Amino acid sequence: MNKKKYQKTSFRERLKPCHLDYSEERKWEPNYLKARCEDLNLEDEYKKYQIRLMISYLTVFYPLYIIVVVVLQVVAWSCAEYTKLTHVDSILAAITLLLVTGIMGINFFESFVIGHRWVSVLTSVLSTYVVVFSDIAQITYHYHKAHWPLNTTYDVFVLCMVYMFLPIPSIVVAALLATSVSAIYIGYFIFFPAGEQESVARNIHGSYMISVDVFHYMGFNMMGIFFRIMNDIMVRASFLDRHQFIKEEMWLRHALRQESTLLDSILPPQIAKPIQEIIKSKISQSENGPDNFLLGSPRRRENFMAIQIHPDVSILYADVVNYTHLTTTLSVEMLVKVLHDLYGRFDMAASTFNVQRIKFLGDCYYCVAGLTEADPDHATMAVSLGISMIANLQEVRTEHSLDIDMRIGVHSGTLFAGVIGEAKLQFDIWGADVEIANRLEATGKPGYVHVSGRTLSSLNPADYKILPGTEKAQADPVLQKHPMSTYLLTGEVTRDSVRSVDIVSSYSDLDIRTIRPTRKTQIVSADAMSNELREEFNKMPVGGFQFRLPCCRRDATSSDEKDEQGVGTFCAAFKDSLLEWNYMHQPDFIFKSSMLLAWAIGGCLIFIQIVNSKVDCKECIVVDLIVFSLLTSLLCLAWYKKVCWWQYGYNEHKQYSKLSCLAFNLFDKIQHSFVLRVTIYMVIMVLYYMVISMILIKCDQNQYALDIIENKLFHYDVNRDSCFNPWVFTNMITLILGMSYTFARIPFALKICISCCETIAFLLIVFFQFAFIFHHSATTTPYMKAEVAHCLRVCVMFITMYAKERRVEFITKLNYKQNVDLHNKQKAADVTNQSIIILLNNILPSHVVDLYLDSLARHELYYENYEMVSVMFAMLVNFQMDLPSLRVLNDIITEFDKLLTAYREYYVVEKIKVVGCTYMAACGLDFSLTSNFQSRSFESEMQQVRIHQESKGIDLNHDEVAFIMTTFALDLMRIVSVCNKAYASRPFNRSLSTGEICIGISTGEIMAGVVGASQPHYDIWGNPVNMASRMESTGLPGHIHVTEESAEILKQFDILCIYRGMTYVKGRGEIPTYFVGIDENLKFMSSKFNNRASRRFTVMSSLDPDEFSINSVEENTSE
1377 MNKKKYQKTS FRERLKPCHL DYSEERKWEP NYLKARCEDL NLEDEYKKYQ IRLMISYLTV
1437 FYPLYIIVVV VLQVVAWSCA EYTKLTHVDS ILAAITLLLV TGIMGINFFE SFVIGHRWVS
1497 VLTSVLSTYV VVFSDIAQIT YHYHKAHWPL NTTYDVFVLC MVYMFLPIPS IVVAALLATS
1557 VSAIYIGYFI FFPAGEQESV ARNIHGSYMI SVDVFHYMGF NMMGIFFRIM NDIMVRASFL
1617 DRHQFIKEEM WLRHALRQES TLLDSILPPQ IAKPIQEIIK SKISQSENGP DNFLLGSPRR
1677 RENFMAIQIH PDVSILYADV VNYTHLTTTL SVEMLVKVLH DLYGRFDMAA STFNVQRIKF
1737 LGDCYYCVAG LTEADPDHAT MAVSLGISMI ANLQEVRTEH SLDIDMRIGV HSGTLFAGVI
1797 GEAKLQFDIW GADVEIANRL EATGKPGYVH VSGRTLSSLN PADYKILPGT EKAQADPVLQ
1857 KHPMSTYLLT GEVTRDSVRS VDIVSSYSDL DIRTIRPTRK TQIVSADAMS NELREEFNKM
1917 PVGGFQFRLP CCRRDATSSD EKDEQGVGTF CAAFKDSLLE WNYMHQPDFI FKSSMLLAWA
1977 IGGCLIFIQI VNSKVDCKEC IVVDLIVFSL LTSLLCLAWY KKVCWWQYGY NEHKQYSKLS
2037 CLAFNLFDKI QHSFVLRVTI YMVIMVLYYM VISMILIKCD QNQYALDIIE NKLFHYDVNR
2097 DSCFNPWVFT NMITLILGMS YTFARIPFAL KICISCCETI AFLLIVFFQF AFIFHHSATT
2157 TPYMKAEVAH CLRVCVMFIT MYAKERRVEF ITKLNYKQNV DLHNKQKAAD VTNQSIIILL
2217 NNILPSHVVD LYLDSLARHE LYYENYEMVS VMFAMLVNFQ MDLPSLRVLN DIITEFDKLL
2277 TAYREYYVVE KIKVVGCTYM AACGLDFSLT SNFQSRSFES EMQQVRIHQE SKGIDLNHDE
2337 VAFIMTTFAL DLMRIVSVCN KAYASRPFNR SLSTGEICIG ISTGEIMAGV VGASQPHYDI
2397 WGNPVNMASR MESTGLPGHI HVTEESAEIL KQFDILCIYR GMTYVKGRGE IPTYFVGIDE
2457 NLKFMSSKFN NRASRRFTVM SSLDPDEFSI NSVEENTSE
């Protein structure tokens, strides 16, 4: 499961009173994990996976059991001095092997076992008792047949088999079965050989040894129960992680599709892909979030321009006739519905003819045929689209009873296409042929497609009705620069391209649940999620040997195979050293459980050592007390936090004492520290061997040998008190071997090394140091040396624990690898989510995104009415549309966009679009940031204006937006001025100089909304939009041209507005207009003192414009 990074604290902080934080440990509690599975309705799937996992345990158990049986028989035949009784053991072992493998083989029919889960329990019980009674029958037979008092062979192995390998889903059932096995063996020892008169028989498991056997089996049962509980915790945690992994993967796949859909709605694929990579790369590197990334840093130059040349395309410009009347007479709701229907039809028709829509600008809609991919019929496609658009408009006109028509111009040639700027990245086209298409539309005739001679030459004249071009075209100065004949076309309409648009059916591919700051919504249906989860759970790795019956084989996925190949064979270590390092340094939140088992096993060893020592041993008492005290201290430290949580867990505000906090912090450090965990592990192993070494130290081998000799010569009873019982020592070693593998988050290689050292040390003790003692103990096979039997038990235990632990380690490593992949998926999903938000913010203003998504959720169109908005059109005049000029234009537009970032600190100026060399922006669309003023002078001035207005009884209607918009316009002029100075001081082509900027501003009530079919587009409409455009087109370079309404507002802000006179404006006739007073230093002139500049605040003045723009411009000119 995902872990929280451990925060180191100083020693002084640890001694402060603190609160108890048990949240991370709580996630590893069995009850919590089970409740989580039940809450997520995963319990049934978990049980199925558990059965699959247990079946995979059988694939390890089968070869292990076969190897153990075969090795025991081979050793018995090779090491026994006489083999006349060995054949009985071999026959019994073969029958047992066949019975067990045959009974357990039923479990490989996975579907049958899942449907009849009692089968796995029944087969496990039968197999267990077969092995147990076979073992008891063997030693009973030999004792009564040949008077051989033998020790049991499979008791420890059977206990390991029950807990670690047999497919018993219930821990309680496994514990009951193992307890019954222990009881059977102890009962057998009580009645035989404890009841026998022969000393050899009584020495194996005499009456005084029964208590030792009880604690011996108790230790193994505790170890087995611990393994089952910890295994269930790890498996459930991994299962929940897998569930989250699947959800993240599904979300990521879905989000990537949405990202692709959104990006395709903004940009063509050839431009979209590099921009997408740049967006994701910057998100990964940025710590500022998507909003800051969107607008960039005004101090950092990372300009990006994606421009491509398209030499053989056809450009279509379409203009809605009488559009101004439409936007000024219809309500906002009706206007958005009409425009959405109209432009939605255009989008679908463009898709039908494979024409790429570029954008629409109020009444102007333009697109290109042959842009996304080369099309020899691009002229035909563009003209057919134009005819279809006229037919669509006529249907909309009839349906809504509107007085509108359409002019269309089409020209074929070459253009530049791409994106410029830094904010609101929009695809656009430039070039002389683009301007020609625009003029063909402007000089065309409503209801016809106006084409150039070049376009007509690519058409089949028989398909169209052809008329001569208009007289306006012959007199147009732009068209006359390129002498050409023009024609008016009309023709048959393709009916598939004429169809209506539902309100939100056009966005059916856009799932709004994906595009949210947090991913807490379900992105697919419950049934689809359930089916996919089921499939993915079936693919979860279970490890084991992949041999199965043909009917039960399952194909491994390539990702699972890749993960398995990344784990080593012998030590199950990651081949990636960094991955292995990170795995080892995970916190161990089940350390307290391991510590509890270590304490219990230590207690069993101490008890066994005390009972087995027949002589007074003060040293033993001291060592036992030291070991028990240390183990108890570690246990108390490990469980103190848990006990406090049990007692006060629901009181979050309880403060604990300094000593308690020190204990909490020390235990947390142990859980999170790899070095400390390994150190404690090694200390516990040393403590165990301190206990067991006392048995060896107090053994008087000479006295023991004398007693044996006297027994052989004079038939005296052997006094076994002079030395330890060899089988007790062997069983203690097997307990310690088992404990060597129980601690989690300890390197498996270290566990192997420790257990190997223990085994080798035991072999040395058996064959060299205490060979005589072990030789004169009971064996497990007639005529086989007893020391061989002792070594076999320890070696079988070593192999069994290795097989079990490697199995667990392998599964844990695979699940950890999936957790790493999950983390990467989450990061990728977060990046994708942020990129989607960035893309949406490049289509829509920031404040509109959530409102727009909510509108989609309600299956409604998004639209809004604003009472007071200031609109600006700023055009760079005398700008050539060639590639070098576009590079300069990109730098200037980028500087304009960076200025938006500074204005976000004071008042939101929203970039609407860039068309050619015209920059369109608006202020007043979002008032959420108006309280974030950073300049005291600016704030105080605004407050003075408010006081002035209130004193006059004027309603607060946010007319300060005109002041902000004009201030922004002045800053644009300052940027252009700085750029011109930079170009003048560098060796540079003067034809690329930016010249001057012409700006028009109008203020008033507007409408805004999102329209379009496959490509949602945000736009604003209303008289201020039309008037701002006219102010720009009728204005003068180097001036800010405003309407009378805007001028009256600016005068309240002490800004001089100079009366220009009556100016003719298309659609309005002659109206009074004004120029904003600006001095030679590009500062506002005061309306009170015409000869003095106004001390008005501008963002550029606070940012030092020379530093703001000149560096980036100089870098560009040097290129």
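Residue numbering for the sequence shown follows the numbering used here, starting at 1377 and increasing by one per position. Idealized CB from N, CA, C, for every residue including glycine. Every value quoted in this text rests on a predicted model; they were computed, and no experiment measured them.
Give me the Cα-Cα distance between Lys-2045 and Val-2207, rounded to the nearest whole angstrom.
-> Computed Cα separation, rounded: 33 Å.
For Leu-1396, is the classification buried or exposed, using 16 other Cβ atoms within 10 angstroms of its Cβ as the cut-off for buried?
-> buried
Is Met-2251 buried or exposed, if buried means 16 or more other CB atoms sit within 10 Å of its CB?
-> buried
Report the three-state DSSP secondary structure of Glu-2185 (helix, strand or coil).
-> helix
Roughly how far, in whole angstroms, is the beta-carbon of Val-2285 from the beta-carbon of Phe-2344, given that I think they are within contact range, below 8 Å?
-> So it is a contact: roughly 5 Å between Cβ atoms.
Nearest to Asp-2083 by alpha carbon, out of Trp-2022, Leu-2035, Glu-2134, Phe-2148?
-> Nearest of Trp-2022, Leu-2035, Glu-2134, Phe-2148 to Asp-2083, Cα basis: Phe-2148.
Counting pairs of Cβ atoms below 8 Å between the region 2185-2195 and the region 1612-1629, do you hit three or more?
-> For the pair of segments examined, the region 2185-2195 was found to touch the region 1612-1629: the number of CB pairs separated by less than 8 Å reaches three.
Nearest-angstrom Cα separation, counted from Leu-1769 out to Glu-2483 | In this predicted model, Glu-2483 has a pLDDT of only 44, less than 50, meaning its place in the structure is not dependable enough to derive any value.
For Ser-1764, count neighbouring C-beta atoms within 10 Å of its own C-beta (all shown protein chains included) and say buried if the count is 16 or more, exposed if not.
-> buried
Out of curiosity, what's the CA-to-CA distance linking Leu-1711 and Lys-2287?
-> Going from the Cα of Leu-1711 to the Cα of Lys-2287 covers about 22 Å.
Can you pull the DSSP bridge partners for Gly-1789?
-> Val-1689
Starting from the Cα of Ala-2154, find the closest Cα among Val-2164, Gln-2145, Asn-1730 and give me that residue.
-> Selected option, being the one with the closest Cα: Val-2164.
Among Leu-2348, Asn-2356, Cys-2355, Thr-2379, which one has its Cα closest to the Cα of Ala-2338?
-> Thr-2379
Could you have a look at Asn-1730 and say whether DSSP puts it in helix, strand or coil?
-> coil
Sort out for me which residues DSSP pairs Met-2296 with in a bridge.
-> Phe-2249, Lys-2289
Just checking my contact of Leu-2063 with Leu-2006 at CB under 8 Å: how many whole Å lie between their CB atoms?
-> 6 Å
Mark Cys-2496 as exposed unless 16 or more other C-beta atoms lie within 10 angstroms of its C-beta, in which case mark it buried.
-> Shown here, the chain extends from 1377 to 2495; a query on residue 2496 therefore has no answer.
Would DSSP call Ser-2405 helix, strand or coil?
-> helix
For Pro-1393, which residues of its own chain have a beta-carbon under 6 Å away from its beta-carbon, when the five flanking residues on both sides are left out?
-> Gln-2031
Where Ala-2423 and Thr-2439 are concerned, what is the direct C-alpha to C-alpha distance, given to the nearest angstrom?
-> 15 Å
Coil, strand or helix - Glu-1868 by DSSP | coil
Quickly, what does DSSP pair Lys-2459 with across the bridge? List them, please.
-> For Lys-2459, which the question treats as bridged, DSSP gives no partner whatsoever.
In terms of residue numbering, what span does the beta strand (DSSP E) encompassing Arg-2436 cover?
-> It spans 2433-2441 - the beta strand (DSSP E) in which Arg-2436 sits, taken as one unbroken run.
Following the continuous beta strand (DSSP E) through Pro-1963, name the residue where it begins and the one where it ends.
-> Premise fails: Pro-1963 is in no beta strand (DSSP E) and is neither H nor E.
When burial is assigned at 16 or more other CB atoms within 10 Å of the CB, is Pro-1752 buried or exposed?
-> Burial call: exposed.
When the Cβ atoms of the region 1725-1733 are set against those of the region 2394-2414, are three or more pairs found closer than 8 Å?
-> Cβ pair count under 8 Å is below three, so no.
Under 8 Å by Cβ, that's how I've got His-1686 and Thr-1790 pegged, so tell me the actual separation to the nearest angstrom.
-> 7 Å
For Ala-2404 versus Asp-2395, is the C-beta spacing smaller than 9 Å?
-> no
Is the region 1529-1547 touching the region 1415-1433 in the sense that three or more CB pairs, one from each, lie closer than 8 Å?
-> yes
Pull up the DSSP beta-bridge partners for Met-2160, would you.
-> Ala-1456
With DSSP collapsed to three states, give me the class of Leu-1535.
-> In the three-state reduction of the DSSP assignment, Leu-1535 falls in the helix class.
Runs of alpha helix (DSSP H) wholly within the region 2044-2112 (minimum 4 residues, chain order) | 2050-2073, 2077-2090
With 16 as the cutoff for other CB atoms within 10 Å, does Ser-2211 come out buried or exposed?
-> buried
Backbone CA spacing between Ala-1808 and Met-2257 [nearest angstrom] | 7 Å
Return the bridge partner residues of Phe-1950 from the DSSP annotation.
-> Val-1943
With burial defined as no fewer than 16 other Cβ atoms inside 10 Å of the residue's Cβ, what is the status of Gln-1985: buried or exposed?
-> buried
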